[in-house]
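A.B. asks: Handing you a structure now.
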Amino acid sequence: MTKEITLVANLQKRIPKDVPNSTVAHFLSMPYAKPIIEDADFRILSQSRTVTHDGKGHTLMGKTWNTEATIGQLLTLFRPPKNYNSNANSESLVVSPESERGEMRRFYTFGGDLNAHPDLLHGGVIGCILDSSLGGAIGMTLARIEGGAPSFTVQLNITFKAAVKTPGTVMVRSWVTRVEEDGRKAWAKGLIESEGGVIHAMAEGMWLRPSRKAKSKM
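Using my numbering, read the sequence shown as starting at 1 and increasing by one per residue.
So, in structure tokens, the structure goes:
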């Protein structure tokens with residue numbers, strides 16, 4: 001335990017104020033998560049577990065699934081694409097080499113209250129965390145483009161490969177594969193894996209930024 005607390009202290013400058021040290025220490029204790037968390041190319045992001053809009057927004061992850069028996073721990077990291085700090089257009093932010101592309105990695109630790117079959121995570125939850133993570137990768141990769149990143153899921157295709165056992169931890173990897181219309185439309189891919197490189201599910205989907213006319217009607 002002392003060793004892990006020291007590691008968290010060394011990472012302190014990279015940990016946002018709303019991310020508990022206990023969350024970072026929890027995932028640092030896992031051999032397959034530790035190298036990613038310690039990699040300075042990956043930014044530790046603020047928690048996506050804050051309920052917004054007077055209690056009406058982000059309630060699923062912020063409240064309903066924010067318990068030890070559902071999703072007890074959640075940590076999000078993002079490695080910016082190669083051209084992230086330049087005045088690059090949206091298309092140039094989609095980089096092909098894996099080592100240069102923007103990528104989000106999100107760790108989830110599940111309890112036993114999101115099961116379908118005994119001790120197995122419900123497939124709908126798998127779809128939800130893929131939707132959230134792929135959308136998050138688009139949001140971070142295209143955050144600086146004019147008009148903002150696409151934020152509404154239009155299509156999501158999932159291939160289930162292996163069941164996720166609970167309680168347990170998985171990592172969701174996600175990245176942008178294509179953008180069109182100056183970033184108004186974006187496509188992303190992602191996968192869920194666990195220790196040992198076991199692939200549990202793969203997904204690809206499309207996201208859309210509403211037109212100004214559509215936004216005015218919301």
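Every residue gets a Cβ at the ideal spot worked out from N, C-alpha and C, and that includes glycine. Keep in mind that this is a model prediction, so the values were computed, not measured.
With distances taken Cα to Cα, identify the nearest neighbour of leucine 81 among Ala201, Ser133, Ser90, Ser151.
C.D. replies: In the sequence as displayed, the identity of residue 81 is proline instead of leucine. The shortest C-alpha separation from proline 81 is found at Ser90.
A.B. asks: Which residues does DSSP list as the beta-bridge partners of tryptophan 207?
C.D. replies: In DSSP, tryptophan 207 forms a bridge with Thr153, Ala186.
A.B. asks: Does proline 150 pass the burial test, meaning 16 or more other C-beta atoms within 10 Å, or should it be called exposed?
C.D. replies: buried
A.B. asks: Nearest-angstrom Cα distance between leucine 130 and glutamine 155?
C.D. replies: A straight line joining the alpha-carbon of leucine 130 with that of glutamine 155 spans about 12 Å.
A.B. asks: So, does the segment 166-178 touch the segment 105-122, judging by three or more C-beta pairs under 8 Å?
C.D. replies: yes
A.B. asks: Can you tell me the Cβ-Cβ gap for glutamate 204 and lysine 189, rounded? I've got them flagged as a contact below 8 Å.
C.D. replies: 5 Å
A.B. asks: Could you compute how far the alpha carbon of histidine 200 sits from the alpha carbon of alanine 163?
C.D. replies: 6 Å
A.B. asks: Between the alpha carbons of isoleucine 71 and aspartate 119, how many angstroms are there, rounded?
C.D. replies: In a straight line, the C-alpha of isoleucine 71 is about 14 Å away from that of aspartate 119.
A.B. asks: Give the straight-line distance between the Cα atoms of glycine 62 and lysine 161, rounded to the nearest whole angstrom.
C.D. replies: 28 Å
A.B. asks: Per the DSSP calculation, glutamine 73 is bridged to which residue(s)?
C.D. replies: Thr109
A.B. asks: Can you grab the Cα-Cα spacing for the pair phenylalanine 243 / isoleucine 44, in whole Å?
C.D. replies: No statement about residue 243 is possible, as the shown extent of the chain runs from 1 to 218 and does not include it.
A.B. asks: By the three-class DSSP mapping on this structure, what secondary structure does threonine 166 have?
C.D. replies: DSSP places threonine 166 in the coil class of the three-state scheme, outside both helix and strand.
A.B. asks: Assign valine 24 to buried or exposed, taking buried as 16 or more other Cβ atoms, counted over all protein chains shown, within 10 Å of its Cβ.
C.D. replies: Label assigned to valine 24: buried.
A.B. asks: For phenylalanine 152 and leucine 75, which I take to be in contact (beta-carbon distance under 8 Å), what is that distance rounded to the nearest angstrom?
C.D. replies: No, phenylalanine 152 and leucine 75 are not in contact; Cβ-Cβ is about 25 Å, not under 8 Å.
A.B. asks: With DSSP as the reference, identify every bridge partner of alanine 201, one or two as the case may be.
C.D. replies: Phe160, Ile192
A.B. asks: Answer with buried or exposed for glutamate 98, where buried requires no fewer than 16 other C-beta atoms within 10 angstroms of its C-beta.
C.D. replies: exposed
A.B. asks: Would a C-beta distance cut-off of 8 Å place isoleucine 192 and arginine 105 closer than the cut-off?
C.D. replies: no
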